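For this note's numbering, count along the sequence shown from 1 and bump the result up by 1.
One structure below.
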Amino acid sequence: MSELRIRVILGLVAFGAFMSIMTLEIITENDEIDFADITVDALVLLLTIASVAAAVALFNRIEQQATETREIVAALDKARLDGAQWRAAVEDHVEGLKSAIDRQFDDWTMTPAERDIALLILKGFSHKEIANFRSTSERTIRQQAQSVYRKSGLPGKYALSAFFLEDLLGAEVDRSGPRAQAGNGHARPNQPATN
């Protein structure tokens, strides 16, 4: 049943109850009926019906919110379960990737600070954000990042990310465009760019 139909039925029931109670009030009145008595009785009935209607509406809204909350909690639980399953499924791969990144950092002879900077850059953080995390100046982070790029032989943060992600993602890219003719633009260190 639609919400509008329920409201119409409730409105008709309330109006019917009001009219029935007023009719009974007039019929059972022993004294002489006057307009003031009828008006006061009508107002009391209207306020009573309005209070009941408000309580019913409030109860319905609370039930609706409780249902929505249960649905959100169920969706969140499912997302957490899906995330845990995904993490469990790729755990070996992630550990292997971490080890490979560490080996590459060793090959590049990076200091512990440079490793931290490089990892934060790989996670997509800006120099300013990294400076905030490490409680240091943005200038210091820029200098350490430049040292990372110099030791890796890569021109910047995008090339650093591409170095680790290019083979990992494995997507075939159409290299027939103008960049392919000029080389791929991000050759690995100690590997000549194709011209």
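Beta carbons: idealized from backbone N, C-alpha and C, even for Gly.
Keep in mind the model is a prediction, meaning the values are calculated, not measured.
Residue i classed as buried or exposed, judged by whether at least 16 other C-beta atoms fall within 10 angstroms
i, result
"residue 13", "exposed"
"residue 145", "buried"
"residue 36", "exposed"
"residue 47", "exposed"
"residue 131", "buried"
"residue 155", "buried"
Span separating the alpha-carbon of residue i from that of residue j
i, j, result
"residue 27", "residue 45", "14 Å"
"residue 157", "residue 122", "10 Å"
"residue 107", "residue 85", "31 Å"
"residue 151", "residue 136", "24 Å"
"residue 93", "residue 76", "27 Å"
"residue 99", "residue 91", "12 Å"
"residue 191", "residue 166", "Summary for residue 191: the model assigns pLDDT 46, below 50, so the residue's position carries little reliability, and this model does not support an answer."
"residue 117", "residue 78", "33 Å"
"residue 41", "residue 60", "29 Å"
"residue 71", "residue 3", "22 Å"
"residue 63", "residue 83", "30 Å"
"residue 143", "residue 65", "53 Å"
"residue 5", "residue 58", "13 Å"
"residue 164", "residue 95", "16 Å"
"residue 109", "residue 81", "37 Å"
"residue 103", "residue 74", "39 Å"
"residue 25", "residue 69", "43 Å"
"residue 87", "residue 97", "16 Å"
"residue 52", "residue 10", "17 Å"
"residue 56", "residue 33", "35 Å"
"residue 39", "residue 67", "42 Å"
"residue 182", "residue 125", "Unreliable placement is indicated for residue 182, whose pLDDT of 44 sits below 50; the coordinate value is still reported in the next sentence. One C-alpha to the other measures close to 29 Å."
"residue 133", "residue 113", "18 Å"
"residue 141", "residue 105", "23 Å"
Chain-order list of residues whose beta-carbon lies under 8 Å from that of residue i (same chain, five-residue window excluded)
i, result
"residue 18", "50"
8 Å Cβ cutoff met for residue i and residue j
i, j, result
"residue 128", "residue 115", "no"
"residue 111", "residue 119", "yes"
"residue 161", "residue 153", "yes"
"residue 23", "residue 43", "yes"
"residue 89", "residue 54", "no"
Nonlocal neighbours in the same chain, by C-beta distance under 6 Å from residue i, ignoring five residues either side
i, result
"residue 189", "Note that residue 189 scores a pLDDT of 48, beneath 50, so its modelled location is shaky; the value from the coordinates is reported in the next line. The answer is none, since no qualifying residue turns up."
Residues near residue i by beta carbon distance below 7 Å, same chain, minus five either side
i, result
"residue 8", "none"
Proximity test, Cβ basis, 8 Å: residue i and chain C
i, result
"residue 135", "Included in the structure is just one protein chain, with no chain C present."
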